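*Asks:*
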Amino acid sequence: MTNQIDMTRYLHSFVEGMISSGVSQAVISPGSRSTPLALLLHRQEKIETFVEVDERSAAFFALGLSKASNKPVALLCTSGTAAANYYPAICEAKASHVPLIILTTDRPHELRQVGAPQSMDQLQLFQNHVKLFVEMAIPEGTKEMQDYAYWQGMRSTDTASQMPKGPVHLNFPLREPLLPDLSSSLKTKRQTEIIAGKPQLTEKQLIQCINALQGKKGVLVVGGSHTPKEARLFVELAEALNWPIISDPLTNITSCGLDSSLIMSCADLFIQEVTMIHRPEVVVRFGMLPISKNTMFWLRSLEKTETIIYFVDETGEWQDQLKQTQVAIQVQEQPFLQAVKENITVKTSGSWTAQWIKWQKITEQVLEELAEMNQLNETSASLLVHKQMMADGQLFVSNSNAIRFIDRFAAVENTSYHLFGNRGINGIDGIVSTALGMCATNPKRQNILLIGDLALYHDMNGLLLAQRYHLPLTIILLNNNGGGIFSFLSQRELEKEDFEPIFGTPIDLDFSLVAKLYGAEYTKAETLEQLDLLLEQTKTEPKFQLIEIIGDREKNVRLQEQIMNVLKEKLEQDR
5 MTNQIDMTRY LHSFVEGMIS SGVSQAVISP GSRSTPLALL LHRQEKIETF
55 VEVDERSAAF FALGLSKASN KPVALLCTSG TAAANYYPAI CEAKASHVPL
105 IILTTDRPHE LRQVGAPQSM DQLQLFQNHV KLFVEMAIPE GTKEMQDYAY
155 WQGMRSTDTA SQMPKGPVHL NFPLREPLLP DLSSSLKTKR QTEIIAGKPQ
205 LTEKQLIQCI NALQGKKGVL VVGGSHTPKE ARLFVELAEA LNWPIISDPL
255 TNITSCGLDS SLIMSCADLF IQEVTMIHRP EVVVRFGMLP ISKNTMFWLR
305 SLEKTETIIY FVDETGEWQD QLKQTQVAIQ VQEQPFLQAV KENITVKTSG
355 SWTAQWIKWQ KITEQVLEEL AEMNQLNETS ASLLVHKQMM ADGQLFVSNS
405 NAIRFIDRFA AVENTSYHLF GNRGINGIDG IVSTALGMCA TNPKRQNILL
455 IGDLALYHDM NGLLLAQRYH LPLTIILLNN NGGGIFSFLS QRELEKEDFE
505 PIFGTPIDLD FSLVAKLYGA EYTKAETLEQ LDLLLEQTKT EPKFQLIEII
555 GDREKNVRLQ EQIMNVLKEK LEQDR
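Structure (C-alpha cells):
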C-alpha cells in the first residue's frame with residue numbers, strides 16, 4: 005500500500021508540473037503499464053483527455069490538437085512497441101515545431117533485458133527527433149522526489165514550448181501494483197509562473213536591417229506555418245516596402261483576409277515562364293522554403309546574380325535548404341516584422357512591383373477563362389473548397405496533390421480562415437487523425453479535410469475518433485484511385501506495367517462502405533454545383549461526412565499542361 009501511495013503522489017506531482025507549464029489536453033493510448041498515469045490524467049479536472057487504441061493515430065491526433073490550439077499536448081502509452089508507433093508523428097512534430105509531451109511507461113530496471121514480456125529498450129527511443137529525453141526515477145514518496153517529479157513535468161513542458169518548439173520524451177519505469185490510490189486529492193495545488201523573454205535586435209541592428217531593405221527592389225519569400233493573424237503582418241510589411249510576396253498555403257497569407265495585389269498566389273505557375281528585366285536586389289526569406297519547386301528553382305537562379313539573400317531564422321536551426329544565406333537574422337519573426345514595418349520611410353519604386361502584379365493578373369485571368377475550371381475535377385474541387393471557407397473556418401490539406409492544387413491555383417480570398425497541414429516530413433501518414441485533432445480543438449467551427457484516396461486509406465483507423473467524440477469533420481475526398489502525384493513526376497515516363505503497380509498503386513476501395521463503417525454520411529458529388537451546395541451547408545450544418553470526387557490521374561496532368569500552354573502564350577504576347 006505504501007508503494008501505491010508513493011507512486012500516486014509522485015505521478016500526481018508530475019501532472020501538476022505539466023499543468024503549470026500549460027498542458028490542458030492529453031491523448032491516452034490504453035495499456036497496462038501506463039494505468040496509473042492514465043487514471044490520474046483522466047481524473048484531472050484541468051486536463052481534457054481523449055482515448056485512442058491505435059497509437060499511431062493517437063499521436064497524430066495529439067499533433068492536430070497542438071497545431072490548432074498552439075499549446076503543448078501530452079501523449080501517453082504503455083511499454084513495448086506501443087511507443088514505436090508514435091514515431092512518425094514525433095518526426096513530424098520535430099520537423100514542424102509542434103510541442104508534444106510524450107510519456108512512455110516502462111518496466112522497472114530489474115525487469116529489463118531479462119526476457120520480461122512487453123519489454124524493450126525505450127531509452128533515447130526517438131533519438132534526435134525530440135528536444136529532450138528524460139529517464140524518470142522510480143517513484144518515491146518523499147517530498148524531495150515529489151518536488152523532482154513536479155519540476156520535471158514543468159521543465160519538460162516548458163522546453164517543448166520554447167523556440168524552437170518541438171516534442172520531448174519522458175520514460176517512466178513503474179513497479180506493480182499499478183493501480184494508483186484514487187482516494188487521494190487530484191486537485192492541482194501547485195503552480196509556477198514562467199516569464200520568458202523574446203529574442204530581439206538592438207536598435208542599431210534594427211536600423212541596419214531597415215536601411216538595407218527600404219527603397220530596394222526586393223521580394224519577400226515566406227515559408228512555414230503561421231496563423232492568419234501572423235500572416236497579416238507579412239502582408240502589411242510587403243505593403244510598407246512595396247514588394248511582392250511569395251508564400252505557400254500553410255503560411256495562411258492567401259487566406260488571412262487581406263486582399264493585396266502584392267500577394268503572388270500563382271507564383272508557382274508564372275515565375276519560371278517570365279523574363280525579368282530587373283532582378284531583385286534583395287530577397288528576404290522567412291522559415292522553410294515554400295512548397296513550390298519552381299520558386300526554389302528561381303531562388304537558385306539568383307546565385308548567378310548580385311541579389312543579396314537575407315534569412316530571418318527564428319528557430320536558430322539554419323533551415324536554409326539552398327544554403328544561399330548571406331545575412332542571417334536570428335530573431336523572433338513577429339516583433340521583427342512589426343518593428344521593420346513601423347520604421348519603413350522609403351517605398352520601392354512602383355515599376356518594380358508593377359511587373360509582378362501584371363504576371364499574377366495574367367495567370368489569374370487564364371485560370372478564370374479556362375472552361376475546365378468550371379467543370380468538376382480535382383483541381384476545380386480544391387479551389388471551390390478554398391473559396392467556400394467561412395471566417396474562422398479550419399481547413400486541413402493533405403500532402404501530395406491536394407496541397408499542390410491549393411498552392412498553384414488558389415487566388416486570394418477576402419475571408420480569413422486557418423489552413424493547416426503536415427509539411428514537416430511531407431508524408432501522407434496520419435493526415436486523418438491530425439485533421440480530427442484540429443477539429444476537436446474547435447468543433448463548432450467549419451472543419452474541412454481535403455485529402456486523396458491513398459492518404460485516407462493510410463489512416464482510416466483515425467476515423468474512429470470522429471465517431472467516438474462526435475467530431476463534425478467534412479472530408480473532401482479526391483479519389484483518382486492511386487498515387488496521383490506520381491503522374492506529375494519523372495516516374496510517369498515509365499511503361500504502364502512498371503508505373504501502375506509501384507507508383508499508380510490503385511486500391512479500388514468503395515469509400516461509401518468506409519463511411520458506413522465509421523458512421524459518416526456519404527455523398528458522391530457529380531457536379532461542381534452540387535459540391536458548392538454541400539460546402540455551403542457545412543457553414544451552418546457541421547457534421548461528420550465524406551464527400552467523394554472521382555478524379556482521373558491523366559486528366560489532372562493534361563489540365564496542368566493545358567494551363568501552362570495557354571499561360572506561356574499569354575505571357576509571350578505581353579512581352
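In this note's numbering, the protein residues as written are 5 to 579.
All C-beta atoms, glycine included, are put in the ideal place defined by N, C-alpha and C.
Owing to the predicted nature of the structure, the values given are computational and were not obtained by experimental measurement.
By a C-beta neighbour count over all protein chains shown, 10 Å radius and 16 as the cutoff for buried, is M280 buried or exposed?
*Replies:* Burial call: exposed.
*Asks:* How long is the line joining the alpha carbons of D58 and E499, rounded to whole angstroms?
*Replies:* 38 Å
*Asks:* Here's the rule I'm using: 16 or more other beta-carbon atoms within 10 Å means buried, otherwise exposed. How should H173 be labelled?
*Replies:* buried
*Asks:* According to DSSP, is T299 helix, strand or coil?
*Replies:* helix
*Asks:* Quick check: the region 46 to 60 against the region 219 to 230, are at least 3 beta-carbon pairs closer than 8 Å?
*Replies:* Segment contact: the region 219 to 230 against the region 46 to 60, fewer than three CB-CB distances shorter than 8 Å; contact not assigned.
*Asks:* Can you name the start and end residues of the alpha helix (DSSP H) that K559 belongs to?
*Replies:* Looking at the DSSP string, the run of the alpha helix (DSSP H) that includes K559 is R557 to D578.
*Asks:* A141: buried (16+ other C-beta within 10 angstroms of its C-beta) or exposed?
*Replies:* exposed
*Asks:* If contacts are defined as beta-carbon pairs under 8 Å, then A385 and I553 qualify, I think. What distance do you get, rounded to the angstrom?
*Replies:* 5 Å
*Asks:* Where does K75 fall in DSSP's three states?
*Replies:* coil
*Asks:* Using the C-alpha atoms, what's the distance from W356 back to C443?
*Replies:* 42 Å
*Asks:* Note the first and the last residue of the continuous alpha helix (DSSP H) segment covering Q338.
*Replies:* E337 to N347
*Asks:* Count Cβ pairs between the region 124 to 131 and the region 146 to 166 that sit closer than 8 Å; are there 3 or more?
*Replies:* no
*Asks:* Using only the alpha-carbon positions, how far apart do A235 and N347 sit?
*Replies:* 19 Å
*Asks:* With a CB to CB cut of under 8 Å and the five nearest residues on each side skipped, what residues in its chain are close to T531?
*Replies:* L380
*Asks:* Given a cut-off of 9 Å, decide if K574 and Q328 are closer than it, judged by their beta-carbon atoms.
*Replies:* no
*Asks:* In the DSSP assignment, find the unbroken beta strand (DSSP E) run with E49 in it and report its ends.
*Replies:* Run containing E49: none; DSSP gives neither H nor E here.
*Asks:* Pull the bridge partners of D324 from the DSSP assignment, please.
*Replies:* Partner(s): none; D324 has no beta bridge.
*Asks:* Which one or two residues does DSSP pair with D151 in a beta bridge?
*Replies:* Answer by DSSP bridge pairing: none, since D151 is not bridged.
*Asks:* Along the chain, where does the alpha helix (DSSP H) that runs through N381 open and close?
*Replies:* That residue, N381, is in no alpha helix (DSSP H); it is neither H nor E in DSSP.
*Asks:* DSSP on R304, reduced to helix/strand/coil?
*Replies:* helix
*Asks:* Run through DSSP, which three-state label would Q541 get?
*Replies:* helix
*Asks:* Where are the beta strand (DSSP E) runs, 3 residues long or more, that stay fully inside the region 376 to 439, in chain order?
*Replies:* 398 to 401 and 422 to 424
*Asks:* Using the Cα positions of F64 and R289, report the straight-line distance between them to the nearest angstrom.
*Replies:* 29 Å
*Asks:* Is the beta carbon of D272 less than 9 Å from the beta carbon of I249?
*Replies:* no
*Asks:* By how many angstroms is the C-alpha of A88 removed from the C-alpha of N132?
*Replies:* Cα to Cα, the separation comes out at about 14 Å.
*Asks:* Which ranges does the beta strand (DSSP E) cover as unbroken runs of at least 3 residues, wholly within the region 107 to 183, from first to last along the chain?
*Replies:* 136 to 139 and 172 to 177
*Asks:* State the start and end residues of the unbroken beta strand (DSSP E) segment that holds I551.
*Replies:* Q549 to I554
*Asks:* Using the three-state DSSP reduction, which class does V239 fall into: helix, strand or coil?
*Replies:* helix
*Asks:* When burial is assigned at 16 or more other CB atoms within 10 Å of the CB, is H462 buried or exposed?
*Replies:* buried
*Asks:* Verify the contact flag: T349, CB atom, against every heavy atom of the ligand NAD, threshold strictly below 8 Å.
*Replies:* The ligand NAD is not part of the structure shown, which contains no ligands of any sort.
*Asks:* Within 10 angstroms of its Cβ, does R60 collect 16 or more other Cβ (buried), or is it exposed?
*Replies:* buried
*Asks:* Please determine if the region 330 to 345 and the region 304 to 318 are in contact, where contact requires at least 3 C-beta pairs separated by less than 8 Å.
*Replies:* yes
*Asks:* Would you tell me roughly how many angstroms separate the C-alpha atoms of I366 and A99, rounded to the nearest one?
*Replies:* 36 Å
*Asks:* With burial defined as no fewer than 16 other Cβ atoms inside 10 Å of the residue's Cβ, what is the status of D502: buried or exposed?
*Replies:* By the 10 Å Cβ count, D502 comes out exposed.
*Asks:* Between I580 and V401, what straight-line distance do the alpha-carbon atoms span, to the nearest angstrom?
*Replies:* The shown model of the chain, from 5 to 579, leaves out residue 580, and the question about it has no answer.
*Asks:* Hey, G555 and E277 are a contact pair by Cβ (cut 8 Å); roughly how many whole angstroms apart?
*Replies:* Their Cβ separation, rounded to whole angstroms, is 26 Å, which puts G555 and E277 out of contact at 8 Å.
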